[in-house]
Amino acid sequence: MEIDKKHVLLTGASGGIGQALALALAAKGARLTLIGRRAEPLETLCTGLSGEGHRVLTLDLNDMAARAELAQKLGEQPLDILINCAGSNQLGWLSDQTEYEIEQQLRINLLVPMLLTRQLLNRLNPKQALIVNIGSSFGAIGYPGYTAYCAAKFGLRGFSEALRRELSNTSTKVIYIAPRATDTALNSESVRAMNQILGNRMDSPETVAAVVLRSIARERTETYIGWPERLFVLINKLNSAPVTRAIRGQLEIIRRYAIEARSER
């Protein structure tokens with residue numbers, strides 16, 4: 001899909017990947033509606049975007065009334081691209097997390113994209129539209145310390161696949177893009193230290209944004225970012241035993257940093 005002159009709704013726009021995406025999309029000529037809970041960073045981002053016609057809507061998408069309000073505020077022009085980018089993760093052993101923390105990760109990473117997409121289906125351009133769900137490599141590889149996050153991203157990948165098939169006789173396409181570890185404020189110092197010791201590479205938000213734009217242009221069904229993560233995803237699908245053995249060797253390191261991450265919150 002061509003991005004120029006397309007109306008794009010972007011959630012999580014105040015986050016690292018969201019900000020990089022907003023800048024990249026605007027540079028390609030898109031007209032953006034930026035969604036987030038914090039007005040100040042959104043307004044600052046909006047004023048720095050290329051082009052005209054961008055706007056900010058400060059909403060808590062966890063709230064049903066706010067989602068209904070969003071549909072009203074969008075006006076008459078249909079959406080060409082919906083990008084579900086808002087997300088959250090916490091490193092921690094399942095037994096150390098509260099019910100609230102688990103529920104919040106499932107809600108932000110899975111339920112909100114599902115409910116928002118449902119809310120806006122009838123606002124998508126009937127001639128051609130694209131739903132873009134930003135997932136994670138942990139949506140295909142279960143990883144200790146991220147049980148709730150993995151569950152949510154596995155769910156988002158399944159939602160994307162099911163909705164893609166549900167809409168296969170329409171002009172709306174659904175794509176799923178899975179970054180690996182990304183250098184954003186979501187990662188605590190403990191997570192950064194753990195990734196460094198384990199040799200896990202972290203991409204910049206700009207790198208992820210560039211891949212997202214290419215995936216939109218090519219309308220690629222699924223995209224996994226990074227090597228060897230793409231290989232691990234494939235191996236895990238075919239035979240998970242080698243991946244399980246490799247991760248088991250990392251388990252005590254992950255556990256140590258999960259405990260540190262807990263103390264940072």
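The opening position of the sequence shown corresponds to residue 1 in the UniProt record's numbering, with each subsequent residue numbered one higher. We put the beta carbon where it would ideally sit given N, CA and C, even for glycine.
According to the DSSP assignment, residue 36 belongs to the beta strand (DSSP E) that extends over 31–36. Residue 136 counts as buried, since at least 16 other C-beta atoms from the protein chains shown sit within 10 angstroms of its C-beta. As DSSP reads the structure, residue 203 sits in a beta bridge with 182. DSSP places residue 257 in the uninterrupted alpha helix (DSSP H) bounded by 251–264.
For residue 129, the enclosing beta strand (DSSP E) begins and ends at 129–134. Under DSSP, the beta-bridge partners assigned to residue 173 are 130. For the pair of segments examined, the region 82–89 was found to touch the region 122–139: the number of CB pairs separated by less than 8 Å reaches three. Residue 92 is not a Cβ neighbour of residue 58, given a cutoff of 8 Å. Nearest in C-alpha terms to residue 155, of all of 108, 40, 12, is 108.
Here residue 242 is actually not in contact with residue 253; their C-beta atoms are around 19 Å apart, not less than 8 Å. Around residue 73, the same chain offers 57 as residues with beta carbons nearer than 8 Å, after the five sequence neighbours per side are excluded.
Beta-bridge annotation (DSSP): residue 70 is not paired with any residue.
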